[in-house]
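Visitor: The structure's right below; bear with me while I get my questions together.
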Amino acid sequence: MKPGERRNEILQTLAAMLEEPQAEKTTTANLARRLELSEAALYRHFASKAQMFEGLIAFIEETLFTRINRILDERADGLAQVESVLALLLAFSDKNPGMTRVLIGDALVNENERLQSRINQLHDRLEATLRQSLRLAASGGGLSPAVNPGTCANVLLCYVIGRWHQFAKSGFKRSPMAEWEQQWALLRP
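Per the working numbering, the very first residue in the sequence shown carries number -3; after that it's consecutive.
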């Protein structure tokens, strides 16, 4: 294997384990067994299980914010930015069920608390992005002056997190994208 390939394989296998609705406990022993490696071999690539989860979080951040930045660059209208960012967040979850469990913190229970702090920071960055797009919409007259961009951004992020939870708790049966257009029509500020 080329350098970094085994590391990626470990992260992909961890994500696949998290996609199983009735997943066995995510332990390094179970992960090693799936990869047909020893636990010692895992620890040659990652110092701890927390570091493996940090790798998944880094992947989520890089993927989402690369695409979000592209949306912000391509769309001048603030409300179009908000709609596209929300659709991206829901679609990412739909395509990456294991990552959804990381995004809602479900996979991080009983793990190092800094992992949940990092997810909280990710949520804060997403909310700040929505708030900025809503401010842009307000400055262009596309948002009623009665709408507070900060409050609205929080409500929209809570909607997304709720859809992520619903998806995970349904055993990945209730798609976060289900009825998106109709729900956006109700949510649109």
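Positions of the beta carbon are idealized from the N, C-alpha and C atoms, including for glycine.
For leucine 132 versus leucine 153, is the C-beta distance shorter than 8 Å?
Guide: no
Visitor: Among residues of its own chain, excluding the 5 on either side of isoleucine 115, which ones have a beta-carbon nearer than 6 Å to its beta-carbon?
Guide: Gly101
Visitor: Considering only the alpha carbon of each residue, which of Gly158, Pro93, Asn144, Leu104 lies closest to glutamine 179?
Guide: Gly158
Visitor: Could you give the first and the last residue of the continuous alpha helix (DSSP H) run that contains aspartate 102?
Guide: Careful: aspartate 102 lies outside any alpha helix (DSSP H) and carries neither H nor E.
Visitor: Using DSSP with H/G/I as helix, E/B as strand and the rest coil, what is glutamate 32?
Guide: DSSP places glutamate 32 in coil when its eight states are reduced to three.
Visitor: If you run the structure through DSSP and keep just helix, strand and coil, what is lysine 91?
Guide: helix
Visitor: Can you tell me which of Lys21, Pro185, Leu33, Arg3 puts its alpha carbon nearest to the alpha carbon of leucine 52?
Guide: Considering only alpha carbons, the answer is Arg3.
Visitor: Would you give the residue range spanned by the alpha helix (DSSP H) that glutamate 15 belongs to?
Guide: It is not in any alpha helix (DSSP H) - glutamate 15 carries neither H nor E in the DSSP assignment.
Visitor: For arginine 66, which three-state DSSP category applies?
Guide: DSSP places arginine 66 within a helical segment (H, G or I) once states are collapsed to three.
Visitor: Just how far apart, CA to CA, sit glutamate 109 and leucine 99?
Guide: So the two alpha carbons sit approximately 14 Å from each other.
Visitor: So arginine 97 and leucine 14 are supposed to be a Cβ contact under 8 Å. How far apart are they, rounded?
Guide: 5 Å
Visitor: My output table needs one value for asparagine 144: the three-state DSSP class, helix, strand or coil.
Guide: The three-state reading of DSSP puts asparagine 144 in coil, since its state is none of H, G, I, E or B.
Visitor: Output the distance between the C-alpha atoms of glycine 146 and arginine 121, rounded to the nearest integer angstrom.
Guide: 13 Å
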